[in-house]
Amino acid sequence: MRKKLVAGNWKMNGSLAGNRKLLDALAPVDGVDIAVCVPYPYLAQAAEKLDGIDLGVQDVSEFTAGAYTGEVSAVMVAEFGCAYAIVGHSERRALFREGEAEIGRKAAAALAQGLVPIVCIGETLAEREAERVVAVIERQLAPVLEILGAEGLATAVLAYEPVWAIGTGRSATVAQVAETHAAIRAWLASHGVASERVKILYGGSVKADNARELFALDDVDGGLIGGASLIAEEFLAICRAAAVAQSCIE
Ligand code: PGA
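So, in structure tokens, the structure goes:
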């Protein structure tokens, strides 16, 4: 049985003083795994303050060390006790031109240091309207599978985040999420990946008031939470919704 995971993605937000309040207010919730993915400069602060909640980053270099100005390696973040690294977030794909193979190599770099990569995938609105959702899944996952192999991919976490639902207040509908997550799991299974082991998170305008119905879906193993992860009460309410959904499948 897969345990629900709720991961916060702070994006490029935070300050030492603001983080202190937010981190102090976070606490573990029974029955669910929780992680917060913070900007690199706050790793030490978050590592010191978090108790029973995992630490993550929002990106990681595909390289280990050397002349790569501005990059941060998985080796470095592992030293801070990081458990997760988001890779391939749609903002990095769109704004920083990250390519499919590069994202696969980043996921491999994370895995090599014992971090679980949270590989983000998801279509744009134009792609959804053109009924190309499954084709996009294939385009984004096939290079990752080629680089990680079936066993590597089975140990990763996937996050389905439709680009049009991120930060817009417009979450995908329960039916859209159910259909797409099932399609992702079917794609994994048909490519030799132990799909029943893979956690598939949903991300895109998850809030306390829609989390419960989304997390109740069979193929939804939790959420990747942006804006709502910056508000302790809202984030914890989402974690509690995951715990309720978890208790229903136990
Ligand atoms: P959102 O962001 O929850 O603010 O929509 C999700 C994400 O980008 O991971």
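For the sequence shown, full-length UniProt numbering assigns the number 1 to the initial residue and increments by one for each residue that follows.
By construction, the Cβ of each residue, glycine as well, lies at the ideal position given by its N, Cα and C atoms.
heavy atom of the ligand PGA below 7 Å from residue i C-beta
i, result
"V119", "no"
"N13", "no"
"H181", "no"
"G203", "yes"
"I53", "no"
"E161", "yes"
"V36", "no"
"N9", "yes"
"G122", "no"
Residue i versus residue j - alpha carbon distance
i, j, result
"G31", "S247", "8 Å"
"D218", "V36", "24 Å"
"I184", "A112", "24 Å"
"L48", "E127", "For clarity, residue 48 is Glu in the given sequence; the question names Leu instead. Computed Cα separation, rounded: 42 Å."
"S15", "V177", "34 Å"
"P143", "A243", "33 Å"
"L95", "A44", "27 Å"
"S171", "V206", "7 Å"
"D54", "Y160", "20 Å"
"F63", "L145", "19 Å"
"L230", "A85", "18 Å"
"T180", "V133", "8 Å"
Same chain, Cβ closer than 6 Å to residue i, neighbours up to 5 away in sequence not counted
i, result
"A237", "A208"
"A101", "P143"
Any non-hydrogen atom of the ligand GDP within 7 Å of residue i CB
i, result
"H89", "As presented, the structure is devoid of the ligand GDP, carrying the ligand PGA as its sole ligands."
Does the structure place the stretch 196–205 close enough to the stretch 214–228 that three or more beta carbon pairs sit under 8 Å?
yes
Can you confirm whether the stretch 115–132 touches the stretch 79–95 when touching is taken to mean that 3 or more C-beta pairs between the two stretches lie within less than 8 Å?
yes
Start-end ranges of the beta strand (DSSP E) lying completely within the stretch 118–190, minimum 3 residues:
157–160
Below 8 Å, how does it come out for the stretch 186–199 and the stretch 146–156: are there three or more Cβ pairs, yes or no?
yes
Alpha helix (DSSP H) runs wholly inside the stretch 10–94, at least 4 long, in chain order
16–25, 43–49, 74–78
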